[in-house]
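Data block below; observations after.
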Amino acid sequence: MASSARKVTEGKPLNRSFYAAKASKQDEFYTQLSDIEKELKHYGPHFKGKKVYCNCDDPRISNFFHYFSYNFKKLNLKKLVATCYKNQDRDLFSRNGAEHAIYLEYSGDRKQSPVPDPEDIGIKHLKGDGDFRSDETIRLLKQADIVVTNPPFSLFREYVAQLIKYDKKFVIVGNQNAISYKEVFKLIIENKVWLGNISGDMAFKVPDYYTARETRFWVDAEGQKWRSMGNACWFTNLDIAKRHEELILYKEYSPDKYPTYANYNAIEVGKTSDIPKDFNGAMGVPLTFLDKHNPDQFEIIGSSMTLGEPMSEVAEKGSYSQGGPRFYLANGDGTYRRLYDRIVIKNKNIKG
Numbered sequence: 472m473a474s475s476a477r478k479v480t481e482g483k484p485l486n487r488s489f490y491a492a493k494a495s496k497q498d499e500f501y502t503q504l505s506d507i508e509k510e511l512k513h514y515g516p517h518f519k520g521k522k523v524y525c526n527c528d529d530p531r532i533s534n535f536f537h538y539f540s541y542n543f544k545k546l547n548l549k550k551l552v553a554t555c556y557k558n559q560d561r562d563l564f565s566r567n568g569a570e571h572a573i574y575l576e577y578s579g580d581r582k583q584s585p586v587p588d589p590e591d592i593g594i595k596h597l598k599g600d601g602d603f604r605s606d607e608t609i610r611l612l613k614q615a616d617i618v619v620t621n622p623p624f625s626l627f628r629e630y631v632a633q634l635i636k637y638d639k640k641f642v643i644v645g646n647q648n649a650i651s652y653k654e655v656f657k658l659i660i661e662n663k664v665w666l667g668n669i670s671g672d673m674a675f676k677v678p679d680y681y682t683a684r685e686t687r688f689w690v691d692a693e694g695q696k697w698r699s700m701g702n703a704c705w706f707t708n709l710d711i712a713k714r715h716e717e718l719i720l721y722k723e724y725s726p727d728k729y730p731t732y733a734n735y736n737a738i739e740v741g742k743t744s745d746i747p748k749d750f751n752g753a754m755g756v757p758l759t760f761l762d763k764h765n766p767d768q769f770e771i772i773g774s775s776m777t778l779g780e781p782m783s784e785v786a787e788k789g790s791y792s793q794g795g796p797r798f799y800l801a802n803g804d805g806t807y808r809r810l811y812d813r814i815v816i817k818n819k820n821i822k823g
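Given below as structure tokens:
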């Protein structure tokens with residue numbers, strides 16, 4: 472069965488009321504083992520001798536726990552621990568009927584079997600509900616070296632902040648929209664977080680008790696319900712080879728092909744593949760650029776969410792579409808076109 476990295480709706484920390492069934496049922500998704508394998512195969516050396524913690528995974532059905540337990544010897548892990556949230560009034564997460572939240576510990580198969588022996592997996596009860604912000608799960612977090620999981624998308628800011636607070640290495644799944652969160656983008660600029668290897672439209676399994684009134688899904692030929700969360704990606708602070716691959720540039724700059732924004736001194740580059748090879752100034756590129764970002768080649772200056780001047784100081788009222796902070800391009804007829812979010816970069820290898 473797929474991983475049960477549970478999604479919950481955003482609310483105050485440790486406020487149990489917001490874990491009510493009505494909200495929780497719409498936020499339970501399961502990561503496919505194939506997606507986990509595709510990403511984690513790039514991190515092998517990082518796991519050697521390390522304690523791995525999956526703190527948003529029901530260890531009884533988690534594909535993350537499955538992946539690490541079955542590859543425990545191959546990865547040369549020291550220990551594997553998995554916990555998950557569980558409502559004390561009702562098991563909204565895995566619906567397994569257990570009365571207490573539990574966590575599993577695995578330190579390898581004593582019989583040297585290639586398949587984990589259930590007798591070697593320690594099952595322990597938690598006093599609380601397994602919330603990743605609770606004192607007892609934080610104690611487990613402090614003991615871990617690397618955290619790997621699919622955290623609640625709606626609590627992504629808080630989840631990442633906790634990992635940074637306790638100085639943990641991690642590989643986690645998130646929605647690509649999280650790039651634009653100011654708390655997350657700040658970490659990206661500071662080179663404390665970056666994208667992993669795989670990104671795109673990942674499909675997640677959803678529980679069979681979901682109804683169409685609760686969430687959108689489709690059903691495959693075998694009756695399994697699926698949900699796409701839009702463009703998903705992996706976020707990490709572990710160094711990977713992809714991060715140092717030089718982006719080959721072949722376009723040449725010209726003012727007519729690369730117009731300058733009306734409210735910020737940078738040129739518009741609509742696609743990452745169109746980044747000019749000979750321009751040394753600021754360039755606005757799509758958020759998807761981060762999938763190709765090499766910190767040895769480019770410097771991230773900021774984003775359109777914070778850098779652009781208010782259009783009220785640039786153009787007459789009525790000549791542009793109002794909205795959130797964005798960059799604008801002149802249309803040539805006295806009006807302006809508002810663009811999607813942009814990341815502002817400079818090529819570090821071009822002197823000027």
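Residues 472 to 823, numbered by our numbering, are exactly what the sequence shown covers, in order. Yeah, the Cβ is synthetic: ideal placement off N, Cα and C, and Gly gets one too. A quick note: this is a predicted structure, and the numbers were derived from the prediction, not measured.
Item to check | Cα-Cα separation, asparagine 542 to aspartate 528 | outcome: In a straight line, the C-alpha of asparagine 542 is about 17 angstroms away from that of aspartate 528.
Next on the checklist: If I measure Cβ to Cβ from glutamate 654 and keep anything under 8 angstroms in the same chain, skipping five residues before and after, which residues do I get?
Outcome noted: Closer than 8 angstroms at Cβ, skipping near neighbours: Arg628, Val631, Ala632.
Next on the checklist: Which same chain residues end up closer than 8 angstroms to isoleucine 669 when comparing Cβ atoms and leaving out the 5 residues on each side of it in sequence?
Outcome noted: Contacts found: Asp506, Lys509, Glu510, Cys704, Trp705.
Item to check | Spatial distance of tyrosine 514 from threonine 806 (CA atoms) | outcome: Each residue's Cα considered, the two are about 49 angstroms apart.
Item to check | the segment 756-763 / the segment 777-786 touching (three or more Cβ pairs under 8 angstroms) | outcome: Touching, no, given that fewer than three Cβ pairs across the two stretches are closer than 8 angstroms.
Next on the checklist: Let me make sure I understand the geometry here. Which of Phe656, Glu739, Thr620 has the alpha-carbon closest to that of phenylalanine 539?
Outcome noted: Nearest neighbour of phenylalanine 539 by Cα position, chosen from Phe656, Glu739, Thr620, turns out to be Thr620.
Checklist entry - Can you give the beta carbon distance from valine 815 to glycine 755, rounded, assuming they're within the 8 angstroms contact cut? => result Sure, about 6 angstroms apart at Cβ, within 8 angstroms.
Checklist entry - So, helix, strand or coil for aspartate 812, using DSSP? => result In the three-state DSSP reduction, aspartate 812 falls in the coil class, being neither helix nor strand.
Checklist entry - Exposed or buried, which one is serine 605 when buried takes at least 16 other CB atoms within 10 Å? => result With 16 or more other Cβ atoms within 10 Å, it is buried.
Item to check | As assigned by DSSP and simplified to three states, the class of glutamine 559 | outcome: Because glutamine 559 sits at a pLDDT of 40, beneath the cut-off of 50, its placement in the model cannot be relied upon, and the following sentence gives the value as read from the coordinates. The DSSP-derived three-state label of glutamine 559 is coil.
Checklist entry - Quick one: what does DSSP say threonine 806 is sitting in, helix, strand or coil? => result Threonine 806 falls in the coil class under three-state DSSP.
Item to check | Residues that DSSP places opposite isoleucine 719 in a beta bridge | outcome: In DSSP, isoleucine 719 forms no bridge with anything.
Next on the checklist: Let's test the definition: count the other Cβ atoms within 10 Å of the Cβ of histidine 764 and tell me whether it reaches 16, buried, or not, exposed.
Outcome noted: Histidine 764 counts as buried, since no fewer than 16 other beta carbons sit within 10 angstroms of its beta carbon.
Checklist entry - Under a three-way DSSP split, which group does threonine 777 fall into? => result DSSP places threonine 777 in the helix class (H, G or I) of the three-state scheme.
Item to check | Limits of the unbroken alpha helix (DSSP H) element including threonine 608 | outcome: Start and end: 606-614.
Next on the checklist: Taking a contact to mean a Cβ-Cβ separation below 8 angstroms, would you say alanine 417 touches alanine 692 in this structure?
Outcome noted: The requested residue 417 does not occur in the structure, where the chain is confined to residues 472 to 823.
Next on the checklist: If distances are taken between C-alpha atoms only, which option among Ile592, Ile771, Lys639 comes closest to isoleucine 659?
Outcome noted: From the listed residues Ile592, Ile771, Lys639, the smallest Cα separation to isoleucine 659 is found for Ile771.
Next on the checklist: Quick check: leucine 548 and lysine 521, are their CB atoms within less than 8 angstroms of each other?
Outcome noted: The answer is yes: Cβ separation under 8 angstroms.
Checklist entry - For proline 850 versus lysine 788, is the C-beta distance shorter than 8 angstroms? => result A question about residue 850 goes unanswered here, because the residues of the chain that appear run from 472 up to 823.
Next on the checklist: For asparagine 526 and proline 766, I'd like the C-alpha separation in whole angstroms.
Outcome noted: The alpha-carbon of asparagine 526 is positioned some 30 angstroms away from that of proline 766.
Item to check | Backbone CA spacing between aspartate 616 and phenylalanine 536 [nearest angstrom] | outcome: The C-alpha of phenylalanine 536 is placed about 16 angstroms away from the C-alpha of aspartate 616.
Next on the checklist: 8 angstroms is my cut-off, CB to CB: does lysine 550 come that close to chain C?
Outcome noted: The question asks about chain C, but that chain is absent: this structure has only one protein chain.
Checklist entry - With threonine 554 and leucine 611 assumed to form a contact (beta carbons below 8 angstroms), what rounded beta-carbon distance in angstroms separates them? => result Yes, threonine 554 and leucine 611 are in contact; Cβ-Cβ is about 7 angstroms, under 8 angstroms.
Checklist entry - Which partner residues of glutamate 576 appear in the DSSP bridge assignment? => result Per DSSP, Val552, Gly593.
Next on the checklist: Going by C-alpha to C-alpha distance, which of Asp804, Lys822, Glu739 sits closest to tyrosine 811?
Outcome noted: Nearest of Asp804, Lys822, Glu739 to tyrosine 811, Cα basis: Glu739.
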